[in-house]
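Letter by letter, the sequence shown follows residues 1 to 122 in the working numbering.
Comments concern the structure below.
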Amino acid sequence: MNRFGLVALTVCVLALVGCATSSTVRTEPAGLTVVLDGKDFGKSPAKVEATGTTFGDYHLQVKDASGKVVHEQNLPKQVRIWGLFWPPYGVFYNMYELHDQYVVRSIKSTSGETTWMVVPSP
């Protein structure tokens, strides 16, 4: 492989890697285990870091003390609009990043059913 090909390959790989973004995940009730993209970050409130590609989802799981998944979903993310107009910004700084904080709330309905709500910081 010639030098140009090696440089082009390196640039493409770096473009797919993206940057790490961090956030705090709080659960209500407190003390549940927070897992993001398969990595266990311990009990809530947990500081999480996610490394993603320019496009992609951050998958959140919340587990109880026995390790049973009680809630899971893809996290709502912020969009860095400059990534659309200036592609190097979107490539190197994750066009979709985590919010500063997420609150994961358990809500019981009048029928006794438990539903979960994820609220990102503004």
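We treat Cβ as the ideally placed atom computed from N, Cα and C, and that holds for glycine.
In whole angstroms, what separates the C-alpha of residue i from that of residue j?
i: Q61; j: S111; result: 25 Å
i: P120; j: P29; result: 17 Å
i: S106; j: E97; result: 24 Å
i: V103; j: T27; result: 6 Å
i: T21; j: Q101; result: 11 Å
i: T114; j: D64; result: 14 Å
i: V25; j: N2; result: 46 Å
Would you mind giving the Cβ-Cβ distance between residue i and residue j, rounded to the nearest angstrom? I have them listed as a contact below 8 Å.
i: Y58; j: D40; result: Actually they do not touch by this definition, with Cβ atoms about 15 Å apart.
i: S44; j: V35; result: Incorrect: roughly 11 Å between the Cβ atoms, too far for contact.
Please identify the residue among the options whose C-alpha is closest to the C-alpha of residue i.
i: N74; options: E113, L32, N2, H99; result: H99
i: P76; options: M117, L32, N2; result: M117
i: V32; options: G42, K108, T21; result: At residue 32 the sequence reads Leu, which differs from the Val that was named. Measuring from the Cα of L32, the nearest candidate turns out to be G42.
Just mark residue i as buried or exposed, buried being the case when its beta carbon has 16 or more other beta carbons within 10 Å.
i: A50; result: buried
i: V69; result: exposed
i: K47; result: exposed
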